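In my numbering, the protein residues as written are 64 to 261.
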């Protein structure tokens, strides 16, 4: 197991995937909570079976996979349903993530999680890195990428820990509201710093 874990986080639309891809280019393995979250609700999984039992078959698409848009609409409209879903999925996701972190063989490993602090996942990390952009940038990027309304983007952002609180909690902060070439230089510097900390 890579014994040193970097927790990488940032609000929706902050560019976590782009940054983690830069670390991957440097040979660092990445465990992405969003990908793990999709894996635990794939057709045939325990997660999807329980979701279907709870919400009914109308939560599925024609090919039997989870209709994320439908589920998102339900849980953002009903806090108790959101709570139920979180109680089901978080333990499944956590277990799978920890197993993947244990199997990593790179010099250190990155855990990418949008809710790193909110879900207490930072307790598994030696160091944390916040990918930071202004809220206006988050809204612009999210509405363009996910084809959702500004209203829903604002709701999602409001459900995450405030930017200022994340800035306080994170060990390092990377400004991702710049040219990618500038960001890349900082990623390289951070990578060298992390290697020196191992």
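The beta-carbon is built from N, C-alpha and C at its ideal position, and this holds for glycine as well.
Since the model is a prediction, treat every value here as computed from it, not as a measurement.
Beta carbon of residue i nearer than 8 Å to that of residue j
i	j	result
residue 82	residue 89	no
residue 68	residue 175	no
residue 230	residue 193	yes
residue 74	residue 208	no
Element boundaries [beta strand (DSSP E), containing residue i]
i	result
residue 130	Here residue 130 belongs to no beta strand (DSSP E), and DSSP marks it neither H nor E.
residue 236	235-238
residue 201	Taken as a continuous stretch (DSSP letters only), residue 201 belongs to no beta strand (DSSP E), being part of the alpha helix (DSSP H) at 198-209.
Pick from the options that is closest to residue i, judged by C-alpha positions
i	options	result
residue 118	134, 220, 174	134
residue 156	104, 241, 223	104
residue 263	182, 153, 248	Here the chain covers residues 64 to 261 and nothing more, so residue 263 does not appear.
residue 151	116, 92, 189, 261	116
residue 177	87, 84, 261, 95	95
residue 250	235, 260, 261	235
Close beta carbons around residue i, own chain, < 7 Å, minus the five adjacent residues each side
i	result
residue 198	220, 226
residue 238	195
residue 159	99, 102, 103
residue 213	202, 206
Straight-line gap, residue i to residue j (C-alpha atoms, nearest Å)
i	j	result
residue 205	residue 126	26 Å
residue 217	residue 131	18 Å
residue 108	residue 195	34 Å
residue 224	residue 185	14 Å
residue 253	residue 79	15 Å
residue 215	residue 111	24 Å
residue 87	residue 183	24 Å
Close-in-space but distant-in-sequence residues of the same chain around residue i (CB under 6 Å, 5 per side omitted)
i	result
residue 233	191, 193
Close beta carbons around residue i, own chain, < 8 Å, minus the five adjacent residues each side
i	result
residue 181	223, 224
Extent of the continuous alpha helix (DSSP H) run through residue i
i	result
residue 213	213-222
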